Amino acid sequence: MTNTVSLPLRERKKAETWTALHDAAASLALQHGVEQTTVEAIAASAGVSPRTFFNYFQAKEDAILGLREPVLEAALLSQVATTADDLVGQVSRLLIAVASTARGGTDPARRRQLIARYPQLGRRHMDYMVKAESLVCQGLAGLLAQDPAWAAGAEGFGAEESARMLVMIAGVPIRFNLTSADFDPAEGISAETLGPSLTLLHHLLRKIS
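In case it helps, our numbering puts the sequence shown at residues 1 to 209.
Here it is in structure tokens:
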């Protein structure tokens, strides 16, 4: 999460309440299970009302995992150069950045433990990753539509279809890392750790094209 010390008082209070609800939800789920963890119990443990809970989370599963709606900042999107040779790498890094905005919790090891114990939480987590991917698709489609080299489309496909395909391709090295034997969920994926799998992807694409 953002460093709460540097936030204005109102935003700091909101951040503290969000964290309190998330920590309470995660702790209760680990102690009693997801089914037995209710919104009322989470709110009581965090010292707020159940009504307040829904100002911060859509569902208890979101609170347990520390999930929030992903955000694609315009400034981040503007850094993508659609004419660059490493466009796939840029989109991969953008996917990672946007996905990270959906994960507000600061304890990835605990999140990993919860998802391993309760598979339904993994599905909820994936829902938010799909939301992040959709945001990137929309943003990238807008960029391609503004670029004369892409706006006309390719092989009968328009900018939206091209953006969707690019995002799918850009997701391959991310999934490659996620499924590697030495991947550590607590460490996560960064632009640096993504480098080797991106290199492999480019090599394979050249080899088979």
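C-beta: ideal position from N, C-alpha, C; glycine also. These figures come from a predicted structure and were not determined experimentally.
Discussion item. Residues in the same chain with beta-carbon distance under 8 angstroms from Leu178, minus the five sequence neighbours each way, listed in chain order, please.
Written reply: Around Leu178: Ile189.
Item to complete: Kindly indicate which three-state DSSP category Met1 falls into: helix, strand or coil?
Response: Low confidence applies to Met1: its pLDDT is 47, below 50, so where it sits in the model is not reliable, and the reading given next is rough at best. Coil, per DSSP.
Worksheet item: Should Pro70 go down as buried or exposed, given a rule of 16 or more other Cβ atoms within 10 Å for buried?
Response: buried
Item to complete: Grab me the residues of Val167's own chain with a C-beta within less than 8 angstroms of its C-beta, minus the 5 sequence neighbours each way, in chain order.
Response: Listed in chain order, the non-local C-beta contacts of Val167 below 8 angstroms within the same chain comprise Val91, Leu95, Glu133, Val136, Cys137, Leu140, local neighbours out to five positions each way being set aside.
Worksheet item: Do Leu72 and Val98 have their C-beta atoms closer together than 7 angstroms?
Response: With respect to the 7 angstroms criterion, Leu72 and Val98 are classified as neighbours on the basis of their beta carbons.
Practice prompt. Determine the contact status of Ala41 and Leu21, defining contact as a CB-CB distance below 7 angstroms.
Written response: Result no, Cβ atoms of Ala41 and Leu21 do not sit closer than 7 angstroms.
Item to complete: Quick one: residues in its chain with C-beta nearer than 6 angstroms to the C-beta of Asp23, no 5 flanking neighbours on either side, listed in chain order?
Response: none
Worksheet entry | Distance between beta carbons of Leu143 and Ala151, contact taken as under 8 angstroms | Wrong, their Cβ atoms sit about 10 angstroms apart, outside the cutoff.
Worksheet entry | Per-residue burial, Ser180 [other beta carbons within 10 Å of its own, 16 or more giving buried] | exposed
Discussion item. Taking only three categories from DSSP, how would you classify Phe53?
Written reply: If DSSP states are grouped into helix, strand and coil, Phe53 belongs with the helices.
Worksheet item: With Ala63 and Phe57 assumed to form a contact (beta carbons below 8 angstroms), what rounded beta-carbon distance in angstroms separates them?
Response: 4 angstroms
Practice prompt. Pull up the CB-CB distance for Lys60 and Ala25, whole angstroms please, since I reckon it's below 8 angstroms.
Written response: About 6 angstroms; that satisfies the 8 angstroms criterion.
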